[in-house]
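Line order of the protein sequences matches chains A and B.
The first sequence begins at 1 in this note's numbering and counts up by one.
The second sequence begins at 1001 in this note's numbering and counts up by one.
Here is the structure we will look at, set down as structure tokens.
Number of protein chains: 2
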Amino acid sequence: MVSRLKRLLIGRPMRSGEIEGEKLGKLKALAVLSSDALSSVAYGTEQILLVLMAAGFAAVWYSLPISLAVLGLLLILILSYRQTIYAYPAGGGAYIVAKDNLGVPTGLLAGGSLLVDYILTVAVSSSAGTDAITSAFPSLHEHRVLIALIMIVFLTVMNLRGVTESASVLAIPIYLFVFAIFVLIVSGIVKYLTGGIHADVPELGATVSNISLFLLLKAFSSGCSALTGVEAVSNAIPNFKKPAERNAAATLIMMGAILGAMFIGISLLAYWYGISPDPKQTVVSQIAASTFGRGALYYAIQGVTALILFLAANTAYSAFPLLAFMLAKDKYMPHAFMVRGDRLGFSNGIIFLGVFSALLVVLFHGDTENLIPLYAVGVFIPFTLSQLGMMIRWLKLRPAEWIGRFAVNTIGMLTTLSITLIFIFTKFAHVWMVFVFLPIVIGLFYQIQRHYINTAAELRINLDTDKPCIKGSTIVVPVAGITRVVMNSLGYAKSLTDNVVAVYVGFDDEEIERMEKKWEEWNPGVRLITLRSSYRSIIRPIMKFIDTIEWKTADTDHITVLIPQFIAKHWWQHILHNQSSLLLRAYLYNQKDVVIATVPYHLKR
Amino acid sequence: MVSRLKRLLIGRPMRSGEIEGEKLGKLKALAVLSSDALSSVAYGTEQILLVLMAAGFAAVWYSLPISLAVLGLLLILILSYRQTIYAYPAGGGAYIVAKDNLGVPTGLLAGGSLLVDYILTVAVSSSAGTDAITSAFPSLHEHRVLIALIMIVFLTVMNLRGVTESASVLAIPIYLFVFAIFVLIVSGIVKYLTGGIHADVPELGATVSNISLFLLLKAFSSGCSALTGVEAVSNAIPNFKKPAERNAAATLIMMGAILGAMFIGISLLAYWYGISPDPKQTVVSQIAASTFGRGALYYAIQGVTALILFLAANTAYSAFPLLAFMLAKDKYMPHAFMVRGDRLGFSNGIIFLGVFSALLVVLFHGDTENLIPLYAVGVFIPFTLSQLGMMIRWLKLRPAEWIGRFAVNTIGMLTTLSITLIFIFTKFAHVWMVFVFLPIVIGLFYQIQRHYINTAAELRINLDTDKPCIKGSTIVVPVAGITRVVMNSLGYAKSLTDNVVAVYVGFDDEEIERMEKKWEEWNPGVRLITLRSSYRSIIRPIMKFIDTIEWKTADTDHITVLIPQFIAKHWWQHILHNQSSLLLRAYLYNQKDVVIATVPYHLKR
């Protein structure tokens, strides 16, 4: 049943050899990896305008230079990550780059930061997508948590089905979104050039009395939240078709070009239309309404935008399992994250991401807005560390033209560092949790690694000197009566050694005497030892008896406890039999150094 | 931790020999076993008046003859159950009596009926007690389910602590209740005799135009609901101090006398005061208010009444585990109900009763009034069957004076049968569920018994001819690498037989080749067989390999699968290791006839 349901949801298991077919071409990769970055267009300009409005409507012209600055930062990040892709063709996320050049602790800081961040991404973007839906259909508002959870389940299942399959499904809304926004921008520009726009807007360069550098920096950093998701491509190089690094670099540049053009286009139109942010209507919605009126085109743009906000979460589904795989390979996360599932994806990472983001959605009742600054900091910390790592790398390796590359990464590092600091200082109330979570996560990483290293050391043997050693054998068979199951078990035990002893626990002398008599009558060729239990417990007397045996023979003999067990045909029948043999197994397993063997007897009826 | 909490709640484990100390004397037995019956006084008269009011206030005088009729029935039941106690001194519940004289199916009908009934009793009386509390403190009304559940947990824990201990705690409120009601009755009679009561009441024998036989029968049957719980003593004889049957009979008569006196006293006062039922105030409350005014004495009576309604559930806690024990002894219920717990009570029965009644309370949101008729039918069916059984017994055995005894049981049987039929016809809408539940319960009884009988037949051996038989041995050791755990396992296997083979599952040719080389280098004296898995599953190739081995050697050899397993020191460390050995065990256990042995290696760090 379960396995059939799994087959239906996830699809047939795939051979390991089929993995090349699961790799991504450039266009599909763009669909899978860019949804997070591109969706930022839906709110990036708005974030800038919101901050500037604190200095009055006259200040909105600053949104243009600030957008240009964000565009500049985007350019630097793209160039910088392009360099990273060629330098680390096996997948160069912030974790790898930082670990390689700045040492393990810094790498873990970057990696832990990103892991937490991907979980936040899924929670935030599924909530944001739900908000878009409930704005359109207010009656659904009370079911928002459920809607967000359904979306998370959908994304989880899609990604469990495999990378290419989810790419095929997700590509359509993403390309629709890009197409719709470009139609909007081109129509807007045409309207402006043909003189169709008559808005009263502050001139570029107009003096604004109460503007401050702090405000401008804050607006800039808010605009930079549009850049989250840019790092996804460099993490995901192993998912690309060969030649992976060239395809990845091309995808990165395509993504940068599309993102930059859309971002600056929206900012320009917002300025031309003289739009100020409105809590009831997004900036993109205002632009679309002013350009097309509230017709079919307007609603198409709104619908596609809502969809893309939802799908932003999918980038995290590509990046998280790969990052978890890399951390697991270095023993900082459980080995389970290294196992490829039936469809060749890292299923455990995908499920872990789904479960924890769903937990966040439930905990915050779907109101995840407060998590956004946290999430931005979580991205800019690894951005900074990754570029710092690249700087060190250029200094160490000094290849041809290293100075230019060094300069690119230095500028990038300084900018992202400033943005991180601005975030921390301007939004400390939302961001302080990072300083609690990150040490815990990094502490866990180290504890996991220490356990793996200790275990490996303890289990390692010297191939030349350590050989299996042969000892004698004592077999103890707990019996509850004289039945076919006991007969089989004794036959098995006697086949292995002559040193077999049966143990019986009785609750009163009468019971014990009856058993001894019956045993004598049967005479199976095995000595019976009877124990009396005043407290009606079977486990304790047997454990004590095994202590005695261990004390007597552990040096010369292997001790085996042979547990006769009959196995019912239907699950409900197990309720009808006392499960002391399972309990005995559990006790022995955890507390004694004896071999536990189960001799099964499968009931026929 | 868990065991310490258990010790705190339940108390220290007791030796089997201490069971005599847990037996009940007459006064404690009265406290434990009579709460259900005595609590009926709180609502019995009211039930009669409620029905009579349908014919107008003039009809209330009928409550006196009807109360006398109920008293008569009580007398018959007491005499009849006294006869049962002496006839079945080992505990003669309706189950035993009916089974013994009317055959097994009838016995199971009576037993199943009572089992379901005890669960209903706990659910109904904990809800009724909660209602009494929330009438006094309306602000608690929204927490009623929680209050009822707390009460159920309290009763469950008390009963797990043991019979005498719960008797000591419960005796106080029950004797307080009896004392309070007698003070009320005596004060009322004194007030009446001294002419302190001036109520305008219909004369005895006054003609009432619209009274019908149906109405009188309905009023009578409603009054009979006060008799539920009378059977508890005869079920619980094994819990009495020796001489058990004499103590039980004395307790039964004491209970009957107290119940009868209180019931007729309340009915008499209700008539003298001219009380008519009021949905906002119980009849007992009206009598108490009229006798004492609303002072301290009034509130004392109300408080003690609320308490007794709660404790009515406790009778079920004595009777259910004993009845379940008897059914389990006859193989109609799981053996688990025969096990005495740490405190010598039948813990599984107590816990089962607590869990299922709590479930009912939650399902009905604490509104269990609709269950009351169901519950009354559930009592009168076994009443009838038990007396019918006694009739047959007298006819068969014909001891001295059998005709008188036969007459007592015949009258009892006819009355209880009529009441059962009246219940079914007048309240079918509430009662029909009995006809669904009972066949299911009885069907389950038979299915359980069939399984036990089949299993016993399958496992039974002939002591003379069936002896343990010795065969050869093949041991298969799945290995995941070359470690200390594997070395220990191979040493163990080689100690038992020379016929050992190690199996390794690799995911690609490279991995397999590496393992083979390393094995050759180590040379442990055991052949290694390597399997290639294209689907990254370890279980499937090993299962297939064992199929092959089974096919080749099962006739001549015992096959053992030896699973090397290292056991982490802390539970969280288990997350860090893949649990395929547990999975392999589970598969083998359910599907193959091979012995599964676990060679443990306890990690030191």
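Virtual Cβ for every residue (Gly too), placed ideally from N, Cα, C.
Quantities reported herein were computed from a predicted structural model and do not represent experimental measurements.
| Item | Value |
| --- | --- |
| Are the region 1039–1052 of chain B and the region 1336–1344 of chain B touching by the rule of at least three beta carbon pairs closer than 8 Å? | no |
| With distances taken between CB atoms, is the gap from residue 1606 (chain B) to residue 1346 (chain B) smaller than 8 Å? | In the structure displayed, chain B extends from 1001 to 1605; residue 1606 (chain B) sits before or after that span and is not available. |
| From what residue to what residue does the alpha helix (DSSP H) around residue 1585 (chain B) run? | 1580–1591 |
| Suppose contacts are defined by Cβ-Cβ distances below 8 Å. Is residue 477 (chain A) in contact with residue 493 (chain A) by that definition? | yes |
| Return yes when the Cβ of residue 1116 (chain B) is within less than 8 Å of the Cβ of residue 1378 (chain B), no when it is not. | yes |
| Touch check for the region 218–227 of chain A and the region 68–77 of chain A: three-plus C-beta pairs under 8 Å? | yes |
| Compare the beta carbon distance of residue 1253 (chain B) and residue 1041 (chain B) with 8 Å and say whether it is the shorter of the two. | no |
| Please report the residue range of the alpha helix (DSSP H) in which residue 557 (chain A) lies. | Counting along the chain, residue 557 (chain A) falls outside any alpha helix (DSSP H), though it belongs to the beta strand (DSSP E) covering 557–567. |
| Have a look at residue 1577 (chain B) and residue 1479 (chain B) and give me their C-alpha separation to the nearest angstrom. | 15 Å |
| Taking the alpha helix (DSSP H) that residue 271 (chain A) belongs to, which residues open and close that run? | 244–272 |
| Could you check the C-alpha separation between residue 69 (chain A) and residue 220 (chain A) for me, to the nearest Å? | 8 Å |
| Kindly confirm or deny that the region 1126–1145 of chain B and the region 1295–1308 of chain B touch, where touching means at least three C-beta pairs closer than 8 Å. | yes |
| In three-state DSSP terms, what is residue 479 (chain A)? | coil |
| Would residue 510 (chain A) pass as an interface residue toward chain B - the criterion being a Cβ-Cβ separation below 8 Å? | no |
| Identify the contact partners of residue 556 (chain A) in chain B, using a Cβ-Cβ distance below 7 Å as the criterion. | Correct list: empty, because the minimum Cβ distance to chain B is about 11 Å. |
| Return the Cβ separation of residue 610 (chain A) and residue 1483 (chain B) in integer angstroms, given the expectation that the two are a contact with Cβ distance under 8 Å. | Any answer about residue 610 (chain A) is impossible in this case: the structure gives chain A only from 1 up to 605. |
| Could you tell me which chain B residues have their CB closer than 9 Å to the CB of residue 461 (chain A), listed as they occur along the chain? | 1482, 1483, 1484, 1486, 1487, 1522 |
| Given this structure, state the Cα-to-Cα distance separating residue 1513 (chain B) from residue 402 (chain A), to the nearest angstrom. | 43 Å |
| So is residue 1028 (chain B) buried or exposed if we call it buried at 16+ other beta carbons inside 10 Å? | buried |
| Going by CA-CA distance only, name the one from B:1568, B:1111, B:1179 that's closest to residue 1328 (chain B). | B:1111 |
| Taking 8 Å as the threshold (beta carbon to beta carbon), is residue 567 (chain A) in contact with chain B? | yes |
| So the candidates are B:1585, B:1511, B:1024; which of them puts its Cα closest to the Cα of residue 1251 (chain B)? | B:1024 |
| Listing by chain order, which chain B residues have their CB less than 8 Å from the CB of residue 452 (chain A)? | 1576 |
| The beta strand (DSSP E) spanning residue 1332 (chain B) covers which residue range? | No beta strand (DSSP E) holds residue 1332 (chain B); DSSP gives it neither H nor E. |
| Measuring CB to CB, does residue 1317 (chain B) end up less than 8 Å from residue 1353 (chain B)? | yes |
| Alpha carbon to alpha carbon, how far is residue 309 (chain A) from residue 209 (chain A)? Give it in angstroms, no decimals. | 37 Å |
| List the residues of chain A that residue 1479 (chain B) touches, going by C-beta distances under 8 Å, in chain order. | The premise fails here: residue 1479 (chain B) is roughly 12 Å from chain A at the closest Cβ pair, so nothing lies under 8 Å. |
| Using the beta-carbon count (16 or more within 10 Å), is residue 1548 (chain B) buried or exposed? | exposed |
| Hey, residue 1045 (chain B) and residue 1266 (chain B): beta-carbon distance below 8 Å or not? | yes |
| Is the beta carbon of residue 488 (chain A) sitting closer than 8 Å to the one on residue 599 (chain A)? | yes |
| Between the Cα of residue 1058 (chain B) and the Cα atoms of B:1107, B:1185, B:1201, which residue gives the shortest distance? | B:1201 |
| Interface residues of chain A around residue 1233 (chain B) at Cβ under 9 Å? | Those do not exist, as residue 1233 (chain B) stays about 27 Å from chain A at its closest Cβ, beyond 9 Å. |
| Determine the extent of the alpha helix (DSSP H) in which residue 1282 (chain B) is found, giving its start and end residues. | No alpha helix (DSSP H) contains residue 1282 (chain B), which DSSP labels as neither H nor E. |
| Could you pull the start and end residues of the alpha helix (DSSP H) that residue 541 (chain A) belongs to? | 539–553 |
| Using 8 Å for Cβ pairs, my map puts residue 1543 (chain B) next to residue 1530 (chain B). What's the rounded Cβ distance? | Actually they do not touch by this definition, with Cβ atoms about 16 Å apart. |
| By the DSSP assignment, the beta strand (DSSP E) with residue 436 (chain A) in it spans what residues? | Note, residue 436 (chain A): premise wrong, no beta strand (DSSP E); alpha helix (DSSP H) at 434–459. |
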